[in-house]
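This report refers to the structure that appears directly beneath it.
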Amino acid sequence: MMRYLLAILLCAGPVSAQDFSEGSEAKTWNLYAEAPARFEATVVDILCELTGDCPQDCGDGMRQLGLVRTADNVMVLPMKNSQPAFTGAAAELAPFCNQVIEVDGLLIEDEDLGASNIYLVQRIKAGDADWIKANTWTKKWAERHPEAAGKGPWFRRDPRVNEVIGREGYLGLGPEADETYAEENF
Amino acid sequence: MQNWLKISVILLTGLSAQSAAAAEGTRIKVTGEIIDTWCYYSGVMGGPDAVVGSAHHTCALWCSAGGIPVGLLAEDGTVYTVLKIAKDAQSAGGDTQLSLAAHTVTADGMLYERDGLKYLVVSEVVSDMDIVNPTHEDYGTVPPFSFPEPAQ
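The listed protein sequences derive, respectively, from chains A and B.
Taking numbering that gives the first Met the number 0, I'd label the letters of the first sequence as residues 0 to 185.
Taking numbering that gives the first Met the number 0, I'd label the letters of the second sequence as residues 0 to 151.
Right, here's the structure in full:
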């Protein structure tokens, strides 16, 4: 009898510490707690999932999206796309709102910092389509900000970021603090 | 129904109830810094003490504008991933969260927990203490290039 109970409980409970590295082609970022992970998941709007506040388009890239893994129903939080440019994952996943897709990237698990089920998505595969790279954020930003066209990375040209820096300074402590820092460090 | 089957049904019912309860929110008031979660969790820019406060203000702006989730790092070290602030549900690059980058705030809202992470739906920012953590005094700016060398 105990064998049956144990089997049922194992099936019912969340599957923890699974290895999702099989078949992954994720490139390392040399992060302390990274592990390659390729898995199938449903793209969900996290706010919708938790509270029932559910726009049809999952927020069109402006809300954080989750990946509910088919294998164990765990909701993974994709924080980063594949670009080394301070860019998130929501815009990459938004076209697949409420769809089942396959993703490949890096899982971050760091117990000391409370990081659990954190993800950097590098590739996406929807149905029979080929894999696509999760690297479109900067292109989408450029389309939204034609007025900010120019040389250099997006984050040096972003109007909202530059407005805050112009007002609060790079340190966020005001222009005088910036002046003092520059005098002491350059 | 055999006894073992009855016990199984009871246990499974209990587990289902537990899962459902995990989606129910709890009202909390919490004080902490609005941080860039990726740099904090990944260690890509250095240790956790270096990716908060004034040292990381500009990078926090970049990451927030770039759609990386922001978190509220509470005084006890707990990180709450912020999904909404007042009426602004744009948690991937929204204006409200951008305006609070590296600020220490007290937030009143609903806490949701799922799969090892805590999520916060802020109903009200009760107080905004601006940046109170002058980490640049110990770490400079993180990353260093976030403070560009002034033109001569």
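We put the CB at the ideal spot given by N, CA and C, even for glycine.
Computed from a predicted structure; not experimentally measured.
Same chain, Cβ closer than 8 Å to residue i, five either side skipped, listed in chain order
i	result
residue 69 of chain A	38, 39, 40, 41 and 99
residue 39 of chain B	47, 50, 51, 70, 72 and 78
residue 45 of chain A	62, 63, 64, 65, 74 and 76
residue 132 of chain B	32, 51, 52, 53, 101 and 103
residue 176 of chain A	168 and 170
residue 152 of chain B	Only positions 0 to 151 of chain B appear in this structure, which leaves residue 152 of chain B out of reach.
residue 261 of chain A	Because chain A is modelled from 0 through 185, residue 261 of chain A falls outside the range shown and cannot be assessed.
Integer-rounded CB distance, given that residue j should sit under 8 Å from residue i
i	j	result
residue 82 of chain A	residue 134 of chain A	5 Å
residue 101 of chain B	residue 33 of chain B	7 Å
residue 62 of chain B	residue 145 of chain B	Between residue 145 of chain B and residue 62 of chain B the Cβ distance is about 11 Å, and since that is not below 8 Å, they are no contact.
residue 186 of chain A	residue 104 of chain A	Missing from the structure shown is residue 186 of chain A; chain A here goes from 0 to 185 and no further.
residue 120 of chain A	residue 60 of chain B	In fact, because the Cβ distance is near 23 Å, the residues do not count as touching under 8 Å.
residue 136 of chain A	residue 65 of chain B	7 Å
residue 233 of chain B	residue 79 of chain A	Outside the displayed span of chain B (0 to 151) sits residue 233 of chain B, for which this structure offers no information.
residue 139 of chain A	residue 89 of chain A	The pair is not a contact, with the Cβ atoms about 11 Å apart (cut-off 8 Å).
residue 34 of chain A	residue 108 of chain A	7 Å
Own chain, CB closer than 6 Å to residue i, minus 5 neighbours either side, in chain order
i	result
residue 30 of chain A	none
residue 43 of chain A	65 and 67
residue 149 of chain B	none
residue 82 of chain B	90, 118 and 120
residue 131 of chain A	123
residue 22 of chain A	37
residue 107 of chain B	28, 122, 123 and 125
residue 85 of chain A	154
residue 53 of chain A	47
residue 105 of chain B	30, 125 and 126
residue 128 of chain B	103
residue 144 of chain A	none
Cutoff 7 Å; reference residue i; Cβ partners in own chain excluding five residues on either side
i	result
residue 173 of chain A	167
residue 74 of chain B	30 and 31
residue 141 of chain B	44, 45, 49, 50, 54, 55 and 58
residue 180 of chain A	170
residue 160 of chain A	154
Using a Cβ distance threshold of 8 Å, determine whether the segment 106-121 of chain A contacts the segment 52-62 of chain A, with at least three qualifying pairs required. no
Ordered list of beta strand (DSSP E) runs contained in the segment 101-132 of chain B, each at least 3 residues: 103-113 and 116-127
Contact between the segment 135-151 of chain B and the segment 54-61 of chain B: three or more CB pairs below 8 Å? yes
4 or more residues per run - each alpha helix (DSSP H) lying fully within the segment 113-151 of chain A: 136-143
With 8 Å as the limit, tell me which residues of the segment 83-100 of chain B have their beta carbon closer than that to any beta carbon of chain A; keep them in chain order. 83, 88, 89, 90, 91, 92, 93, 94, 97, 98 and 100
Output, in sequence order along the chain, the residues in the segment 115-141 of chain B whose CB is closer than 9 Å to any CB in chain A. 115, 116, 117, 118, 120, 129, 130, 133, 135, 139 and 140
Are three or more beta carbon pairs between the segment 118-133 of chain B and the segment 89-107 of chain B nearer than 8 Å? yes
Closer than 8 Å is the cut-off here; do at least three beta carbon pairs connect the segment 106-118 of chain B with the segment 146-164 of chain A? no
Interface positions of the segment 36-51 of chain B facing chain A (Cβ-Cβ less than 8 Å), listed along the chain: 36, 37, 39, 40, 41, 42, 43 and 47
Using a Cβ-Cβ cutoff of 7 Å, what residues of the segment 122-135 of chain A are near chain B? List them in chain order. none
Along the segment 160-173 of chain A, what residues have a CB closer than 7 Å to any CB found in chain B? 160, 163, 164, 169, 170, 171 and 172
What residues in the segment 66-78 of chain B bring their beta carbon closer than 8 Å to a beta carbon of chain A? 66, 67, 68, 76, 77 and 78
For the segment 73-116 of chain A, list the beta strand (DSSP E) runs that are entirely contained and at least 3 residues long, ordered along the chain. 74-79 and 99-109
Would you list, in chain order, the members of the segment 137-153 of chain A that have their beta-carbon closer than 7 Å to a beta-carbon of chain B? none
May I ask you to list, following chain order, the residues of the segment 81-101 of chain A that have a beta carbon less than 8 Å from some beta carbon of chain B? 84, 85, 86, 87, 88, 89 and 90
Contact set between the segment 103-115 of chain B and chain A, restricted to residues whose Cβ is under 7 Å from the partner: 111, 113, 114 and 115
Check distances from the C-beta atoms of the segment 32-46 of chain A to those of chain B and list, in chain order, the residues that come in under 7 Å. 45 and 46
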